[in-house]
Amino acid sequence: MGCVLKDAILSLCDGMEARFISMRRAFHRIPEPSFAEHQTQAKICSYLKGAGISFKSGVGGTGVIADIKGSRGRTIALRSDMDALNIGEDTGLSFASRNKGFMHACGHDAHMAMVLGAGLVIKRLGSDLPGRVRLIFQPGEETPPGGALRMIKEGALGSPRVGAIIGAHVVASVPSGKIAFNDGAISAAADDFRVTIIGRGGHGSNPHECVDAIVVAAQFITALQTVVSRRVSGLDNVVVSIGKISGGERDNIIAGTVEMVGTIRTKTPDLRRRVPAMIKKLLHGTCSGFGAKGRFEFIAGYPPIVCDEKFSGLVKRACTDILGKSRVTKTEELRMGGEDFAYYARQVPGTFMFVGVGNKKKDSSKSLHSSRFDIDEPVLKSGVAAMAYSAYRYLSREKEA
Ligand SMILES: [Zn+2]
Ligand SMILES: [Zn+2]
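Numbering of the sequence shown is given in my numbering, commencing with residue -8 and proceeding in unit increments.
Right, here's the structure in full:
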């Protein structure tokens, strides 16, 4: 049975490969920003309708949930994100973005094609599906608070209750054709912060009558580097970065205020609490030394993804079985990145697969969020096979038990 099923999935994947690629390209042409994935939603719905898969759209905004129902049994979910980034595409591909200023530079077009592809394959396999497979297409992964929480609130994991969930992300750091996994907390808590330094502006020739917010900001940014290097243990993984700074008017005016925003990446609840407190204290201390005022605002982002060990084991075994041992590997990718898949994995056992797309010969080794990011398209087929077969394995195990 296992072997027959495996062969059936592999031959369907071969036969439908052109379809997976054309779906990916169709999504790639119409990148849309977080929570405004309207064209994308319509496209997903039309593919589902064409395949005779029942679905519900408008979930969590522009999200879509589709169920492929087999005989009674448990339910497994496959999740894809839908949004793109406001990056101008620079790939020169024939199917490059038609929505100017936006690009699928994080591979979410590939995620949608793989989850849809797995749905199509499972639907084609027909009657002996020993449970239910739910496809979740979620808006707004790139923009905290993210689309996952709203999808969950609006029933993505309910009626019937989802028993386990698989998420995936393409990555160029893993060689094309391989699928990688990671143990424990595989992503970081990704929180943001905003700092405002309020001094006193004035004429550039009279700095002694002013409190120069730019000088205070410079001191603060320099001191900030010691949070990671001197306050946190060398054994802990922490990142603190300022990504944007703005202040001042022109050459001969002392700046009255400076604003900056940054990100904090941590792996434990303790550090997630302590690091922002350290930054706030440092800000207030620095400001008071210069006669300025500091305002600190913490903007909570995604928690870390923690994979379920047992379920991850099952999915890893399924991937090894269908793709071969040499094509299942490990990765450090996303170590300090954030992903709102974390919210699903907090509710039900989850695992996250990294689908390798790195292929130097095909120029698909650019990092995520690069204006030249592209995937190596034959990997879509492997991703579909891995997801479809893992779903079957999860559903049929219950019958055996
Ligand atoms: Zn991204
Ligand atoms: Zn992404």
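Heads up, the beta-carbon is just placed ideally off N, CA and C, and yes, glycines get one too. Every value quoted in this text rests on a predicted model; they were computed, and no experiment measured them.
query	result
Glu133 Cβ short of 6 Å to ligand 1 heavy atom set	yes
Reduced DSSP category for Arg221 - H, G, I as helix; E, B as strand; rest coil	helix
For Val165 and Lys351, the rounded distance between their alpha carbons	11 Å
Separation of Thr134 from Val223, as counted between CA atoms	28 Å
Integer-rounded CB distance, given that Met142 should sit under 8 Å from Gly54	5 Å
Simplified DSSP state of Ala57, which is helix, strand or coil	strand
Segment limits, beta strand (DSSP E) that includes Val165	Ala155 to Pro166
Extent of the continuous beta strand (DSSP E) run through Leu126	Arg123 to Gln129
Local conformation of Gly349 per DSSP, three classes	strand
Gly349 classed as buried or exposed, judged by whether at least 16 other C-beta atoms fall within 10 angstroms	buried
Contacting residues, own chain, Cβ-Cβ under 7 Å from Ala214 (five flanking each side not counted)	Leu273 and Thr277
Beta-carbon spacing of Arg70, Arg20 below 7 Å	no
Residue of Val229, Gly315, Ile296 and Ala109 minimising C-alpha distance to Arg265	Val229
Leu314 versus Pro369 - alpha carbon distance	13 Å
Ranges of the alpha helix (DSSP H) found wholly within the region 7 to 84, counting only runs of at least 4	29 to 42
Given Gly329 as reference, the closest of Asp365, Ile0, Ala176 and Arg388 once Cα atoms are compared	Ala176
Sequence-distant residues of the same chain with beta carbon closer than 7 Å to Val207, five excluded per side	Ile188, Gly190, Thr277, Cys278, Phe281 and Ala283
Residue environment, Thr217, which counts as buried when at least 16 other CB atoms sit within 10 Å	exposed
Ala382, DSSP secondary structure in three states	helix
Cβ neighbour criterion (16 or more within 10 Å) applied to Cys(-6)	exposed
Minimum C-alpha distance to Ala159 - residue among Thr342, Ser362, Ala336 and Ser387	Thr342
Ordered list of alpha helix (DSSP H) runs contained in the region 302 to 361, each at least 4 residues	332 to 338
Where Phe281 sits in the DSSP three-state scheme	helix
Nearest residue (CA-CA) to Ile113, options Ile67, Ser303 and Gly192	Ile67
Whole-angstrom distance between Leu140 and Tyr425, CA atom to CA atom	Only positions -8 to 392 of the chain appear in this structure, which leaves residue 425 out of reach.
Pairwise C-alpha distance: Arg115 and Tyr38	14 Å
Cys4 beta carbon near ligand 2 (any heavy atom closer than 6 Å)	no
Whole-angstrom C-beta distance between Asp72 and His99, which should lie under 8 Å	5 Å
Per-residue DSSP class, three states only, for Phe287	strand
DSSP state of Glu300 mapped onto helix, strand, coil	helix
Nearest candidate by alpha-carbon position, reference Gly138, set Ala333, Arg125 and Ser381	Ala333
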